[in-house]
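Working notes for the structure below.
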Amino acid sequence: MPSQLFTQINETQTLETTLQIPYTLTPGRAAGSFLAAMADRRILGSRCTACNRIVVPAQDVCVACGNETPDFVEVLETGSVSTWTCTPAGCVAMVRLDGTDVDLLHRYLGAEEELVPGARVVARWAQKLTGSINDVMGFVAADEGSAGVTAGVTPAAEVPDPVTVVSYALDLPYRHAYGPYYARMFDELGTNRRLMGSRCSKCQHVLVPARAICEVCFAPTDRFVDVADTGSLQAFSVIHMEFVGQTRTPPYVYAEIVLDGSATRLIHNVAGFDIARAAELLHVGMKVRAVWREEIDAQGTLDDIEY
828 MPSQLFTQIN
838 ETQTLETTLQ
848 IPYTLTPGRA
858 AGSFLAAMAD
868 RRILGSRCTA
878 CNRIVVPAQD
888 VCVACGNETP
898 DFVEVLETGS
908 VSTWTCTPAG
918 CVAMVRLDGT
928 DVDLLHRYLG
938 AEEELVPGAR
948 VVARWAQKLT
958 GSINDVMGFV
968 AADEGSAGVT
978 AGVTPAAEVP
988 DPVTVVSYAL
998 DLPYRHAYGP
1008 YYARMFDELG
1018 TNRRLMGSRC
1028 SKCQHVLVPA
1038 RAICEVCFAP
1048 TDRFVDVADT
1058 GSLQAFSVIH
1068 MEFVGQTRTP
1078 PYVYAEIVLD
1088 GSATRLIHNV
1098 AGFDIARAAE
1108 LLHVGMKVRA
1118 VWREEIDAQG
1128 TLDDIEY
(Lines of atoms letter the chains of each structure in order from A and count residues from 1; the text may use other names and numbers.)
(Lines give C-alpha, C1' and ligand atoms only; values in the text may rest on other atoms or scores of the structure.)
Protein backbone atom coordinates (compact mmCIF):
# COMPACT_ATOMS: atom_id res chain seq x y z
CA MET A 1 0.00 0.00 0.00
CA PRO A 2 1.30 3.48 -0.77
CA SER A 3 1.98 6.02 1.94
CA GLN A 4 -0.86 8.52 2.39
CA LEU A 5 -1.08 12.22 3.21
CA PHE A 6 -4.25 14.32 3.32
CA THR A 7 -4.14 17.94 2.19
CA GLN A 8 -6.66 20.69 1.59
CA ILE A 9 -6.61 22.31 -1.86
CA ASN A 10 -9.41 24.79 -2.51
CA GLU A 11 -11.35 23.04 0.27
CA THR A 12 -11.22 19.76 -1.68
CA GLN A 13 -9.85 16.75 0.19
CA THR A 14 -7.21 14.91 -1.78
CA LEU A 15 -4.86 11.98 -1.41
CA GLU A 16 -1.23 12.43 -2.40
CA THR A 17 0.47 9.10 -2.90
CA THR A 18 3.11 7.22 -4.86
CA LEU A 19 2.30 3.89 -6.43
CA GLN A 20 5.50 1.83 -6.23
CA ILE A 21 5.91 -1.09 -8.62
CA PRO A 22 9.15 -3.03 -8.13
CA TYR A 23 9.51 -6.08 -10.35
CA THR A 24 11.97 -8.09 -12.44
CA LEU A 25 12.12 -8.59 -16.19
CA THR A 26 13.36 -11.72 -17.97
CA PRO A 27 14.68 -10.40 -21.31
CA GLY A 28 15.22 -13.80 -22.95
CA ARG A 29 18.22 -15.09 -24.87
CA ALA A 30 18.47 -12.53 -27.70
CA ALA A 31 17.60 -9.36 -25.76
CA GLY A 32 19.67 -10.63 -22.83
CA SER A 33 22.69 -11.05 -25.13
CA PHE A 34 22.06 -7.55 -26.49
CA LEU A 35 22.22 -6.14 -22.96
CA ALA A 36 25.35 -8.12 -22.09
CA ALA A 37 27.08 -6.85 -25.24
CA MET A 38 26.32 -3.25 -24.24
CA ALA A 39 28.72 -3.66 -21.32
CA ASP A 40 31.44 -4.32 -23.94
CA ARG A 41 30.45 -1.20 -25.89
CA ARG A 42 28.95 -3.32 -28.65
CA ILE A 43 25.50 -3.01 -30.23
CA LEU A 44 24.14 -6.48 -30.95
CA GLY A 45 21.38 -7.04 -33.47
CA SER A 46 19.86 -10.08 -35.13
CA ARG A 47 19.56 -11.01 -38.81
CA CYS A 48 16.64 -13.23 -39.81
CA THR A 49 17.99 -16.24 -41.73
CA ALA A 50 14.76 -16.45 -43.73
CA CYS A 51 14.02 -12.85 -44.82
CA ASN A 52 17.41 -11.25 -44.07
CA ARG A 53 15.81 -8.55 -41.91
CA ILE A 54 18.21 -6.90 -39.40
CA VAL A 55 16.80 -5.55 -36.14
CA VAL A 56 18.16 -3.88 -32.98
CA PRO A 57 17.86 -4.89 -30.18
CA ALA A 58 18.42 -8.54 -31.13
CA GLN A 59 15.26 -10.66 -31.16
CA ASP A 60 14.61 -14.38 -30.79
CA VAL A 61 11.83 -14.38 -33.39
CA CYS A 62 11.46 -12.31 -36.56
CA VAL A 63 8.25 -10.29 -36.24
CA ALA A 64 8.01 -10.03 -40.05
CA CYS A 65 8.09 -13.72 -41.05
CA GLY A 66 8.08 -15.64 -37.76
CA ASN A 67 11.44 -17.32 -38.29
CA GLU A 68 12.97 -18.50 -35.00
CA THR A 69 16.61 -18.94 -36.06
CA PRO A 70 18.23 -15.49 -36.22
CA ASP A 71 21.95 -14.84 -36.59
CA PHE A 72 23.57 -12.33 -34.24
CA VAL A 73 25.28 -9.35 -35.89
CA GLU A 74 27.21 -6.34 -34.67
CA VAL A 75 25.74 -3.01 -35.69
CA LEU A 76 27.35 0.38 -36.13
CA GLU A 77 26.68 3.08 -33.54
CA THR A 78 25.80 5.64 -36.22
CA GLY A 79 22.45 6.17 -37.90
CA SER A 80 19.80 8.61 -39.12
CA VAL A 81 16.82 10.16 -37.38
CA SER A 82 13.47 9.02 -38.76
CA THR A 83 11.20 11.01 -36.44
CA TRP A 84 11.21 12.49 -32.94
CA THR A 85 9.25 14.20 -30.21
CA CYS A 86 10.38 16.76 -27.63
CA THR A 87 9.02 17.76 -24.23
CA PRO A 88 10.36 20.06 -21.50
CA ALA A 89 12.11 16.97 -20.12
CA GLY A 90 14.03 16.36 -23.35
CA CYS A 91 13.76 14.69 -26.75
CA VAL A 92 13.34 11.09 -27.83
CA ALA A 93 13.96 9.97 -31.41
CA MET A 94 13.45 6.98 -33.66
CA VAL A 95 16.95 6.23 -34.95
CA ARG A 96 17.62 3.91 -37.90
CA LEU A 97 21.09 2.54 -37.17
CA ASP A 98 23.14 2.06 -40.33
CA GLY A 99 22.42 -1.26 -42.02
CA THR A 100 19.33 -2.12 -39.95
CA ASP A 101 15.71 -2.38 -41.04
CA VAL A 102 13.88 -1.01 -37.98
CA ASP A 103 14.14 2.11 -35.83
CA LEU A 104 15.56 2.17 -32.31
CA LEU A 105 13.80 4.45 -29.81
CA HIS A 106 16.25 6.36 -27.62
CA ARG A 107 17.03 9.78 -26.16
CA TYR A 108 18.43 12.59 -28.28
CA LEU A 109 20.91 14.61 -26.23
CA GLY A 110 21.51 17.51 -28.60
CA ALA A 111 19.49 20.63 -29.33
CA GLU A 112 15.98 20.27 -30.72
CA GLU A 113 16.90 22.62 -33.58
CA GLU A 114 19.36 20.00 -34.88
CA LEU A 115 16.61 17.47 -35.50
CA VAL A 116 15.47 17.11 -39.09
CA PRO A 117 14.42 13.98 -41.00
CA GLY A 118 17.56 12.10 -41.94
CA ALA A 119 19.82 13.94 -39.47
CA ARG A 120 22.98 11.94 -38.84
CA VAL A 121 23.54 10.87 -35.24
CA VAL A 122 25.99 8.79 -33.25
CA ALA A 123 25.65 7.00 -29.91
CA ARG A 124 27.14 8.63 -26.82
CA TRP A 125 28.29 5.99 -24.36
CA ALA A 126 28.25 6.23 -20.58
CA GLN A 127 31.56 6.23 -18.78
CA LYS A 128 30.52 3.29 -16.62
CA LEU A 129 29.04 0.36 -18.55
CA THR A 130 26.71 -2.01 -16.70
CA GLY A 131 24.95 -4.13 -19.32
CA SER A 132 21.92 -1.88 -19.72
CA ILE A 133 20.21 -0.02 -22.55
CA ASN A 134 21.33 3.10 -20.66
CA ASP A 135 24.96 2.22 -21.44
CA VAL A 136 24.14 4.31 -24.49
CA MET A 137 23.20 7.57 -22.79
CA GLY A 138 21.56 8.75 -25.99
CA PHE A 139 22.41 10.05 -29.45
CA VAL A 140 24.06 13.28 -30.53
CA ALA A 141 24.69 14.93 -33.90
CA ALA A 142 27.35 13.02 -35.88
CA ASP A 143 30.29 14.46 -37.76
CA GLU A 144 29.81 15.42 -41.40
CA GLY A 145 31.77 12.42 -42.64
CA SER A 146 29.79 9.71 -40.83
CA ALA A 147 27.82 8.39 -43.80
CA GLY A 148 25.85 5.19 -43.45
CA VAL A 149 27.86 2.10 -44.34
CA THR A 150 25.72 -1.04 -44.67
CA ALA A 151 28.85 -3.17 -44.81
CA GLY A 152 29.47 -2.12 -41.22
CA VAL A 153 26.92 -4.73 -40.09
CA THR A 154 29.04 -7.82 -39.52
CA PRO A 155 28.46 -11.29 -38.05
CA ALA A 156 29.02 -11.27 -34.31
CA ALA A 157 32.40 -12.82 -33.61
CA GLU A 158 31.36 -13.52 -30.02
CA VAL A 159 27.95 -13.61 -28.38
CA PRO A 160 28.14 -12.98 -24.62
CA ASP A 161 26.15 -14.97 -22.09
CA PRO A 162 22.77 -13.24 -21.85
CA VAL A 163 21.61 -11.13 -18.94
CA THR A 164 18.91 -13.32 -17.41
CA VAL A 165 17.13 -10.94 -15.01
CA VAL A 166 16.70 -7.17 -15.04
CA SER A 167 15.56 -5.49 -11.83
CA TYR A 168 13.11 -2.66 -12.45
CA ALA A 169 11.15 -0.21 -10.33
CA LEU A 170 8.40 2.15 -11.43
CA ASP A 171 7.20 5.00 -9.18
CA LEU A 172 3.97 6.78 -10.12
CA PRO A 173 3.31 9.83 -7.92
CA TYR A 174 -0.20 11.20 -8.24
CA ARG A 175 -2.84 13.31 -6.51
CA HIS A 176 -6.37 11.94 -6.24
CA ALA A 177 -9.34 14.18 -5.42
CA TYR A 178 -11.92 12.30 -3.36
CA GLY A 179 -14.86 14.51 -4.21
CA PRO A 180 -17.78 15.24 -1.84
CA TYR A 181 -18.77 11.60 -1.15
CA TYR A 182 -15.49 9.84 -0.40
CA ALA A 183 -14.16 12.99 1.29
CA ARG A 184 -17.11 13.03 3.70
CA MET A 185 -16.71 9.33 4.44
CA PHE A 186 -12.96 9.56 5.16
CA ASP A 187 -13.38 12.74 7.18
CA GLU A 188 -16.01 11.05 9.40
CA LEU A 189 -13.72 8.04 9.86
CA GLY A 190 -10.81 10.17 10.97
CA THR A 191 -12.62 12.69 13.16
CA ASN A 192 -15.69 10.91 14.52
CA ARG A 193 -14.93 7.16 14.16
CA ARG A 194 -18.12 7.01 12.18
CA LEU A 195 -19.09 5.01 9.06
CA MET A 196 -21.15 6.89 6.47
CA GLY A 197 -23.04 5.67 3.42
CA SER A 198 -25.36 7.28 0.90
CA ARG A 199 -29.01 6.29 0.35
CA CYS A 200 -30.42 5.74 -3.15
CA SER A 201 -33.39 8.02 -3.86
CA LYS A 202 -35.23 5.22 -5.70
CA CYS A 203 -34.53 1.76 -4.24
CA GLN A 204 -33.48 3.10 -0.79
CA HIS A 205 -30.34 0.95 -0.74
CA VAL A 206 -27.54 2.33 1.44
CA LEU A 207 -24.21 2.27 -0.39
CA VAL A 208 -20.83 1.99 1.36
CA PRO A 209 -18.55 3.66 0.45
CA ALA A 210 -20.88 6.61 -0.22
CA ARG A 211 -21.31 7.50 -3.89
CA ALA A 212 -23.39 9.73 -6.13
CA ILE A 213 -25.18 7.07 -8.22
CA CYS A 214 -26.73 3.73 -7.27
CA GLU A 215 -25.14 1.00 -9.38
CA VAL A 216 -28.27 -1.18 -9.12
CA CYS A 217 -31.01 1.15 -10.40
CA PHE A 218 -28.78 4.06 -11.58
CA ALA A 219 -30.79 6.64 -9.61
CA PRO A 220 -28.95 9.40 -7.73
CA THR A 221 -28.38 9.12 -4.01
CA ASP A 222 -30.01 11.90 -2.00
CA ARG A 223 -28.63 11.80 1.55
CA PHE A 224 -25.82 10.62 3.80
CA VAL A 225 -26.75 8.07 6.46
CA ASP A 226 -24.96 6.47 9.41
CA VAL A 227 -24.00 2.83 9.03
CA ALA A 228 -23.30 0.48 11.93
CA ASP A 229 -19.78 -0.83 12.49
CA THR A 230 -21.23 -4.35 12.78
CA GLY A 231 -22.15 -6.61 9.91
CA SER A 232 -22.18 -10.07 8.36
CA LEU A 233 -19.42 -12.02 6.66
CA GLN A 234 -20.27 -12.41 2.97
CA ALA A 235 -17.09 -14.18 1.78
CA PHE A 236 -13.46 -14.54 2.88
CA SER A 237 -10.03 -15.75 1.80
CA VAL A 238 -7.08 -16.81 3.94
CA ILE A 239 -3.96 -15.21 2.43
CA HIS A 240 -0.81 -17.32 2.78
CA MET A 241 1.26 -16.01 -0.14
CA GLU A 242 3.70 -13.12 0.23
CA PHE A 243 3.75 -10.46 -2.48
CA VAL A 244 5.14 -6.98 -3.04
CA GLY A 245 3.11 -4.22 -1.35
CA GLN A 246 1.62 -6.25 1.48
CA THR A 247 1.00 -4.32 4.69
CA ARG A 248 0.28 -7.44 6.74
CA THR A 249 2.37 -10.54 7.29
CA PRO A 250 0.68 -13.75 6.08
CA PRO A 251 -1.36 -15.58 7.06
CA TYR A 252 -4.31 -13.19 7.38
CA VAL A 253 -7.96 -13.09 6.33
CA TYR A 254 -9.31 -10.75 3.66
CA ALA A 255 -13.12 -10.59 3.63
CA GLU A 256 -16.25 -9.09 2.11
CA ILE A 257 -18.49 -7.65 4.85
CA VAL A 258 -22.06 -6.37 4.53
CA LEU A 259 -22.42 -3.75 7.26
CA ASP A 260 -25.74 -3.69 9.10
CA GLY A 261 -28.03 -1.21 7.36
CA SER A 262 -26.10 -1.27 4.06
CA ALA A 263 -26.65 -3.11 0.79
CA THR A 264 -23.07 -3.30 -0.44
CA ARG A 265 -19.94 -5.22 0.49
CA LEU A 266 -16.97 -3.61 2.23
CA ILE A 267 -13.56 -5.23 1.75
CA HIS A 268 -11.51 -5.44 4.94
CA ASN A 269 -9.49 -7.75 7.19
CA VAL A 270 -10.93 -10.12 9.77
CA ALA A 271 -8.71 -10.90 12.77
CA GLY A 272 -8.66 -11.34 16.55
CA PHE A 273 -8.65 -15.16 16.46
CA ASP A 274 -6.31 -18.04 15.63
CA ILE A 275 -5.79 -17.66 11.87
CA ALA A 276 -4.71 -21.31 11.67
CA ARG A 277 -8.32 -22.21 12.57
CA ALA A 278 -9.91 -19.78 10.07
CA ALA A 279 -11.59 -22.49 7.99
CA GLU A 280 -13.07 -23.94 11.18
CA LEU A 281 -14.10 -20.71 12.92
CA LEU A 282 -15.33 -18.54 10.04
CA HIS A 283 -18.46 -19.11 8.01
CA VAL A 284 -20.56 -17.04 5.62
CA GLY A 285 -23.27 -15.13 7.44
CA MET A 286 -21.53 -14.91 10.81
CA LYS A 287 -21.65 -11.57 12.64
CA VAL A 288 -18.56 -9.37 12.89
CA ARG A 289 -17.78 -5.97 14.38
CA ALA A 290 -15.12 -3.35 13.72
CA VAL A 291 -12.10 -2.99 15.99
CA TRP A 292 -11.01 0.66 15.79
CA ARG A 293 -7.49 2.02 16.14
CA GLU A 294 -6.75 4.48 18.93
CA GLU A 295 -8.16 7.93 18.14
CA ILE A 296 -4.70 9.49 18.33
CA ASP A 297 -3.61 7.26 15.42
CA ALA A 298 -6.59 8.09 13.19
CA GLN A 299 -5.64 9.08 9.61
CA GLY A 300 -9.00 9.33 7.90
CA THR A 301 -8.76 6.07 5.94
CA LEU A 302 -10.37 2.65 6.15
CA ASP A 303 -7.26 1.58 8.05
CA ASP A 304 -8.69 3.51 11.02
CA ILE A 305 -10.57 0.24 11.43
CA GLU A 306 -7.73 -2.08 12.45
CA TYR A 307 -9.76 -5.16 11.51
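For the sequence shown, the tail end lands on 1134 under the numbering used here, and the numbers increase by one without skipping.
Heads up, the beta-carbon is just placed ideally off N, CA and C, and yes, glycines get one too.
Keep in mind the model is a prediction, meaning the values are calculated, not measured.
{"Item": "Is it right to say Glu-985 is buried, meaning 16 or more other beta carbons lie within 10 angstroms of its own, or is it exposed?", "Value": "exposed"}
{"Item": "Within the continuous beta strand (DSSP E) that includes Ala-950, where are the two ends?", "Value": "947-952"}
{"Item": "By a C-beta neighbour count over all protein chains shown, 10 Å radius and 16 as the cutoff for buried, is Asn-879 buried or exposed?", "Value": "exposed"}
{"Item": "Jot down the residue ranges of each uninterrupted alpha helix (DSSP H) in the region 991-1049, minimum 4 residues, whole runs only, in chain order.", "Value": "1006-1019"}
{"Item": "Tell me which residues share the same chain as Cys-892 and place their Cβ nearer than 6 Å to its Cβ, disregarding the 5 neighbours each side in the sequence.", "Value": "Ala-877 and Cys-878"}
{"Item": "Can you tell me where the alpha helix (DSSP H) holding Met-865 begins and where it ends?", "Value": "855-865"}
{"Item": "Going by the CB atoms, is the gap between Ala-969 and Arg-947 shorter than 8 Å?", "Value": "yes"}
{"Item": "If you draw a straight line from the alpha carbon of Ala-916 to that of Phe-1070, how long is it in whole angstroms?", "Value": "34 Å"}
{"Item": "Name the DSSP bridge partner or partners of Asn-1096?", "Value": "Tyr-1081"}
{"Item": "Throw me the rounded Cβ distance for the Leu-1060 and Val-1111 pair, which I believe falls under 8 Å.", "Value": "6 Å"}
{"Item": "Just to confirm, are Met-865 and Leu-924 a CB contact at a threshold of 8 Å?", "Value": "no"}
{"Item": "Please report the residue range of the beta strand (DSSP E) in which Leu-932 lies.", "Value": "931-935"}
{"Item": "Which residue wins for smallest C-alpha separation from Ser-860, given the options Ala-953, Pro-989 and Thr-844?", "Value": "Pro-989"}
{"Item": "Are there 16 or more other CB atoms within 10 angstroms of the CB of Leu-999, so buried, or fewer, so exposed?", "Value": "exposed"}
{"Item": "Nearest to Val-1085 by alpha carbon, out of Leu-1034, Arg-1120 and Asp-1130?", "Value": "Leu-1034"}
{"Item": "Assign Pro-987 to one of two classes, buried (16 or more other C-beta atoms within 10 Å of its C-beta) or exposed (fewer than that).", "Value": "buried"}
{"Item": "Does the distance from the C-beta atom of Thr-1048 to that of Lys-1114 stay below 8 Å?", "Value": "no"}
{"Item": "Along the chain, where does the alpha helix (DSSP H) that runs through Leu-1108 open and close?", "Value": "1105-1108"}
{"Item": "Measure the Cβ-Cβ separation of Pro-922 and Val-908 and say whether it is below 8 Å.", "Value": "Looking at the sequence itself, residue 922 is Val, so the reference to Pro does not match. Cβ distance < 8 Å, so Val-922 and Val-908 count as in contact."}
{"Item": "Between which residues of its own chain and Gly-945 is the CB-CB distance below 6 Å, once the five residues before and five after are set aside?", "Value": "Ser-907"}
{"Item": "Based on DSSP bridge pairs, tell me the residues matched to Phe-966.", "Value": "Tyr-935 and Ala-950"}
{"Item": "Give me, in chain order, the residues of the same chain whose beta-carbon lies closer than 6 Å to that of Arg-1002; leave out the 5 immediate sequence neighbours on both sides.", "Value": "Thr-841 and Glu-843"}
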